[in-house]
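Inspection log for the structure reproduced underneath, given as structure tokens.
Number of protein chains: 2
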Amino acid sequence: MGNGNVVSVVTIGTIAYDSIQTPFGETDCIAGGSALHFASSASFFTSVGIVAPVGEDFDVCELSFLRERNVDLSGVEVLNGRTFRWKGRYGYDLNTAITLETSLNVLKDFKPHLPESYRYADFIFLANVDPELQSCAIDQIKNREAYVALDTMDFWIESKRDALMEVIKRVDMIVVNEAELRQISMEYNLLKGAKKILSMGPKTVVVKRGEYGILMVNDEEVFLCPAYPLEEVFDPTGAGDTFAGGLIGYLSNVGSVSNQTLKQAAIMGCVMASFNVEDFGAKRMKSLTHKEIKERYSLFKKCVEFSDLKL
Amino acid sequence: MGNGNVVSVVTIGTIAYDSIQTPFGETDCIAGGSALHFASSASFFTSVGIVAPVGEDFDVCELSFLRERNVDLSGVEVLNGRTFRWKGRYGYDLNTAITLETSLNVLKDFKPHLPESYRYADFIFLANVDPELQSCAIDQIKNREAYVALDTMDFWIESKRDALMEVIKRVDMIVVNEAELRQISMEYNLLKGAKKILSMGPKTVVVKRGEYGILMVNDEEVFLCPAYPLEEVFDPTGAGDTFAGGLIGYLSNVGSVSNQTLKQAAIMGCVMASFNVEDFGAKRMKSLTHKEIKERYSLFKKCVEFSDLKL
């Protein structure tokens, strides 16, 4: 799909047709997947390239909103067969999805192939796919300074623990939820678990806590940032990848990774995720504007700012 | 117990013998209860008086650490019978206690009686007791400007809903956990629930979210503050009352209730609660110093501060 432009951020992940049930409604076969959600967010800040497979049944018009935001789609491969499908349900506790059905389809035969121009990107986001594919993607990176972040899920932690541990050693950042952190580190306490993962190689651990925001830990700092409070949370599908897109997109935009920019980036991630959950799939991200992002950031800041205590 | 000095803050609650099991150890019959935990925290900032009953079996030496911090105990009544007892257990998820046994004992016949000198206090904390007793305590307040905060629990929300609704109308602040907020407001979403409670009378709603910190809502502001991150959480019993003690104690110390001081006070509440959970019951609060409080606040600040985003 296209020629492959020089991009600053590359994500390796999935493009899917999602069917989602929430207490507020349901939807059938809408375009989703980790790479789509990540790019829908990161593309507000930087140039993004996607590596992901779709099936012959996939309507490429679903990606036109990304193309309009200059997302490079030359890494999107059309494979024989049907597009990856996920069917899930949420109860009132929107922090946890219940998977009803997963049809891997083209994902079964997927091997990531980074177009030549992607191999010099500054930031790589390895979305939640088989850790062996994540390693295979890292092998193709030619920019030795590239900053690599990784997400995963319980399925891989259980079934491919060794391969996952190998790839974790090779990344700069890991972005997981609380349950995943506990499962990887085998520590119940999040801080202890994060420190254990730091000892494995990554320089920064980001823990996604759903409506409670995020915890970010590195050797020097512990940073806590709540989620933006919303009166209507409609569909959290893709919130984690939208968060990661804001985080990595912001880092790419400012062009440096420091404790200061990491904290700012985490906040931008939370701001972006707060939009994603306002409608089904990536619908809200399609209509989103820079002006709205700035406004929400201002509101977010008001919710967490305080003046120094008198002691 | 004593003559009754002029105090700035009065709490009406319980003094108990708690038996607690956690994954990290267990303890039998240690002094606890909402009033004790509240005072163990508030007494760092202001003069506190306690209204609570104990039984003939209660060893008053258990309260000597409070007396040393100038807590007035003239409102502690020794009633015929045994002291209120609570037996509870926590799993690794320390956010939720499982009650194993409750023996109300002297609490069955308790009617709060505020010593004359308490009736002019500036702040009243109605800890979790029967809402009829909370109303009875409010009836005795002679300071028309007194700021009144209220806590409650599922048991009263279910069994004495009407009485609870009546007392909620009469208070300035309500301090509850997420489940209690949902149960009172009959709204799942916390923001919606908080706004519903604001429409009932209170000016400020504080939602305690355990390890995730607090959400504070009033007509003008929404404030989010994470809990201080700890590697060892030993026993959360009393954390909510210790939080409230830091919150109300700080407000009394600065002598004004504004959006600015409310946020600062909520943070102080989180700081104080972070000590409480480090050991069984109020043990950690007994050895706590002002120096340690200042140090932890500095560390807390580092965990939530960030520099303005570049947009």
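Residue numbers (the numbering used here), protein chains in the order written: chain A, 109 to 419; chain B, 109 to 419.
The C-beta atom is built at its ideal place from N, Cα and C for all residues, glycine as well.
This structure is a prediction, so every number in the text was calculated from the model and none was measured.
The Cβ atoms of Gly363 (chain B) and Ala150 (chain B) lie no closer than 9 angstroms to each other. Chain B has no Cβ within less than 9 angstroms of the Cβ of Gln291 (chain A).
Residue pairing by DSSP places Thr135 (chain B) opposite B:Ile128 in a beta bridge. Scanning its chain for C-beta atoms nearer than 6 angstroms, with the 5 sequence neighbours on each side dropped, one finds around Glu209 (chain A) the residues Lys195, in chain order. Under the three-state reduction of DSSP, Phe192 (chain B) is assigned to coil, being neither helix nor strand. When Cβ-Cβ separations below 9 angstroms define contact, Ile138 (chain A) makes no contact with chain B. A straight line joining the alpha-carbon of Leu323 (chain A) with that of Val314 (chain A) spans about 6 angstroms. Residues of chain A whose Cβ lies closer than 7 angstroms to the Cβ of Phe414 (chain B) are, in chain order, Lys371, Gln372, Ile375.
Under the Cβ distance rule, Gln368 (chain A) counts among the residues neighbouring chain B, one pair being separated by less than 9 angstroms. According to the DSSP secondary-structure assignment, Tyr255 (chain A) is paired through a beta bridge with A:Phe231.
A straight line joining the alpha-carbon of Asp387 (chain A) with that of Tyr296 (chain B) spans about 18 angstroms.
Using a Cβ-Cβ distance cut-off of 8 angstroms, the segment 116-124 of chain B and the segment 139-149 of chain B are in contact, since at least three pairs of beta carbons, one from each stretch, lie closer than that value. Inter-segment contact for the segment 182-198 of chain A and the segment 154-167 of chain A is present: three or more beta-carbon pairs are separated by less than 8 angstroms.
Annotation: the continuous beta strand (DSSP E) that includes Ala160 (chain B) extends over 156-162. Within the segment 262-338 of chain A, the complete alpha helix (DSSP H) segments of 4 residues or longer fall at 262-267, 269-276, 286-293, 298-306, listed in chain order. Straight through space, the alpha carbons of Leu338 (chain A) and Gly321 (chain A) are spaced by roughly 12 angstroms. In the three-state reduction of the DSSP assignment, Val362 (chain A) falls in the helix class. For Glu185 (chain A), the enclosing beta strand (DSSP E) starts and ends at 184-186. Your pair Leu289 (chain B) and Ala302 (chain B) checks out as a contact, with CB atoms roughly 7 angstroms apart and the cut at 8 angstroms. Closer than 9 angstroms to the CB of Asn297 (chain A) there is at least one CB belonging to chain B. Counting along the chain, Glu209 (chain B) sits inside no alpha helix (DSSP H); it lies in the beta strand (DSSP E) bounded by residues 206-211. Using a Cβ-Cβ cut-off of 9 angstroms, Ile401 (chain A) counts as an interface residue toward chain B, since at least one Cβ of chain B sits closer than that to its own. Here Met294 (chain A) is exposed: its Cβ has fewer than 16 other Cβ atoms, across all protein chains shown, within 10 Å. Contact check for Phe408 (chain A) and Tyr358 (chain A): beta-carbon distance about 13 angstroms, past the 8 angstroms limit, so the pair fails to qualify. Put simply, the CB of Gly321 (chain B) is near chain A, with a gap under 9 angstroms to one of its CB atoms. Chain-order list of chain B residues neighbouring Phe331 (chain A): Lys410, Cys411, Val412, Glu413, Phe414, by C-beta distance under 9 angstroms. Residue contact check for Glu176 (chain B) against chain A: no CB pair falls below 9 angstroms. When secondary structure is reduced to three states using DSSP, Gly121 (chain B) falls in the coil class, being assigned neither helix nor strand. In the three-state reduction of the DSSP assignment, Gly354 (chain B) falls in the helix class, which pools H, G and I. Linking Lys219 (chain B) to Thr122 (chain B) through their CA atoms gives a straight-line distance of about 12 angstroms. Cβ contact annotation for Asp247 (chain B) (same chain, cutoff 7 angstroms, sequence separation greater than five): none. The Cβ atoms of Asn113 (chain A) and Ser225 (chain A) sit closer than 9 angstroms to each other. Using a Cβ-Cβ cut-off of 7 angstroms, Glu339 (chain B) is close to Asn297, Leu299, Lys300 of chain A, given in chain order. With a cutoff of 9 angstroms on beta-carbon distance, Phe331 (chain B) and Ala374 (chain B) are scored as near each other.
Tyr226 (chain A): not part of any alpha helix (DSSP H); DSSP gives it neither H nor E. Taking 9 angstroms as the cut-off, the Cβ atoms of Asp136 (chain A) and Ile158 (chain A) do not count as close.
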